[in-house]
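One structure is given below, encoded as structure tokens.
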Amino acid sequence: MTHNTRTLHPCLMGCLLAAALLLSLTVLAAEGSGKFDKTLKLEAITFHVTCANEGSLNDVTIVPAGLEDNSPITVKEADGTVSGAEVADLNKDGSPEIYVYLTSAGSGSYGSLIAYSANKKKSLSRIFLPPLADDKVNSSGYMGHDRFFIKANHLIRSFPVYKDGDSNAKSTGGTRTLKYELIPGEATWQLKLVKSSQQ
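For the sequence shown, the numbering used here begins at 23 and goes up steadily by one.
Right, here's the structure in full:
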């Protein structure tokens, strides 16, 4: 009986260690995919961005402060989870914009954008980013894994370029970078592509 107890003890310890490791990994995964809650401020205007980041579709809420109309805006069932947000004044008109970056579920991790301008510091107006699929040249070789960021008064979108035969896990076509500027449109603000480069 004593012999059996000593034999089983290491197995029991191994099971406990494995369970502890699994619990730690689960906690880390939950923290990495948890709620997005960030407040950004520029030119006396504040944007509070929240998203539950649960599942493949999520509601994204933006609550402004400092405008004449501070009504919150909620984008229902946005595709993916919020991976980041930035505030900027790309057109240098004294009224900032809020840029919210999303990443879709699945291996593709397709990127998308929710953006609003504090239109003359009165209320939020939607900013339109043309669908990449409509651009036959720059969408060539696109399979997701986007990265959005603000640099030198431009919105930058970069992503790996896939050649025929590439797996989603490994691209061989380098990286394409698209640079956008903010311009007024007929009914809303628009992000206009001004430069495309590839390395």
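Ideal placement from N, C-alpha and C gives every residue a C-beta, glycine not left out.
A Cβ-Cβ contact shorter than 8 Å links arginine 179 with aspartate 168.
Alanine 137 carries a strand assignment under DSSP once its states are collapsed to helix, strand and coil. Taking the CA atoms as reference points, proline 152 sits about 12 Å from glycine 207.
Taken in chain order, the complete beta strand (DSSP E) segments of 3 residues or longer contained in the region 131-204 are 133-141, 145-150, 169-173, 176-182. For threonine 210, DSSP assigns no beta-bridge partner whatsoever. Beyond the five residues adjoining it in sequence on each side, serine 126 comes within less than 6 Å, by CB distance, of Asp101, Gly102, Tyr132 in the same chain, given in chain order.
Glutamate 108: member of the beta strand (DSSP E) spanning 103-110, first to last residue. Taking the C-beta atoms as reference points, serine 145 is found nearer than 8 Å to aspartate 91. Going by DSSP, asparagine 80 is part of the beta strand (DSSP E) stretching over 79-87. In this model, lysine 57 and glycine 196 are separated by some 33 Å (Cα to Cα). When C-alpha distances from valine 159 are compared across Ile120, Thr199, Asn175, the shortest belongs to Thr199.
Taking the Cα positions, alanine 66 is about 49 Å away from aspartate 186.
With contacts defined as CB atoms closer than 8 Å, leucine 213 and alanine 140 fail to qualify as a contacting pair. Inclusion of lysine 60 and valine 71 in the CB contact set at 8 Å is warranted, their separation being smaller than that value. Per DSSP, the unbroken beta strand (DSSP E) holding lysine 60 starts and ends at 58-64. Pairing tyrosine 164 with proline 182, the inter-Cα distance amounts to about 7 Å. Non-local beta-carbon contacts of lysine 142 in its own chain, meaning distances under 6 Å to residues more than five positions away in sequence, involve Ser117 in chain order. If you compare the alpha carbons of Leu79, Ala74, Lys217, Ser162 with that of glycine 128, the shortest gap goes to Leu79. Between tyrosine 123 and serine 105, the CB-CB gap stays under 8 Å.
One thing to note: leucine 177 has its Cβ no nearer than 8 Å to the Cβ of tyrosine 138. According to DSSP, glutamine 221 shares a beta bridge with no other residue.
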